[in-house]
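Below: the structure, in structure tokens.
In the UniProt record's numbering, the protein residues as written are 1 to 155.
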């Protein structure tokens with residue numbers, strides 16, 4: 001069994017466990033509503049909302065993960081991955097701050113020349129991540145996904 005299969009199997013098991021938990025939570029919410037009384041009905045509605053929110057979070061997280069993996073695969077196939085193998089690292093294994101900032105400046109310059117290219121947005125998102133700016137990395141990755149989707153739709 002290869003690494004990707006193990007990861008997918010782990011995800012599937014976790015989602016199945018969460019689905020069962022959400023089912024139990026939903027049943028408990030319905031049971032609270034059926035007992036009547038303002039407090040019980042209020043709690044029941046709240047308990048029913050928890051699995052709905054949980055399912056949305058699981059769906060959004062999995063969707064984003066699969067989209068990011070798709071982009072990573074395409075970038076790897078096109079040999080456009082950022083090469084960070086030679087960058088100095090801290091004892092924790094993270095790329096040193098100065099090296100990550102230097103890499104970020106280089107990649108940002110490439111992105112500024114062609115900001116509507118999903119590959120450049122993907123590389124910029126990775127550079128943000130290496131530099132420790134996870135918020136901007138997520139937003140830039142969302143942009144890369146949208147640009148790649150638009151490119152694929154136009155073909």
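Virtual Cβ for every residue (Gly too), placed ideally from N, Cα, C.
Item                                                                                                                                                                                  : Value
For residue 94, name the three-state secondary structure that DSSP assigns.                                                                                                           : coil
Should residue 127 and residue 147 be called a contact, given that it needs their Cβ atoms to be closer than 7 Å?                                                                     : no
Give me the Cα-Cα distance between residue 19 and residue 42, rounded to the nearest whole angstrom.                                                                                  : 23 Å
Between residue 68 and residue 141, how many whole angstroms is the CB-CB distance? I'm expecting something under 8 Å.                                                                : 6 Å
Does the distance from the C-beta atom of residue 54 to that of residue 22 stay below 7 Å?                                                                                            : yes
Using the C-alpha atoms, what's the distance from residue 6 back to residue 13?                                                                                                       : 11 Å
Compute the Euclidean distance between the alpha carbons of residue 135 and residue 35, then round it to the nearest angstrom.                                                        : 44 Å
Could you please give me the residues that DSSP links to residue 89 through a beta bridge?                                                                                            : 95
Quick check on residue 152: does DSSP put it in helix, strand or coil?                                                                                                                : helix
Label residue 107 either buried or exposed according to how many other C-beta atoms from any shown protein chain fall within 10 Å of its C-beta, with 16 as the threshold for buried. : buried
Considering Cα atoms alone, identify which of 116, 82 and 144 is closest to residue 130.                                                                                              : 82
Can you give me the start and stop residues for the alpha helix (DSSP H) that residue 129 sits inside?                                                                                : 118-130
How would you label residue 121, buried or exposed, when you count the other beta carbons within 10 angstroms and need 16 or more for buried?                                         : buried
Can you list, in chain order, the residues of its chain whose CB lies under 7 Å from that of residue 51, leaving out five sequence neighbours each side?                              : 22, 25 and 26
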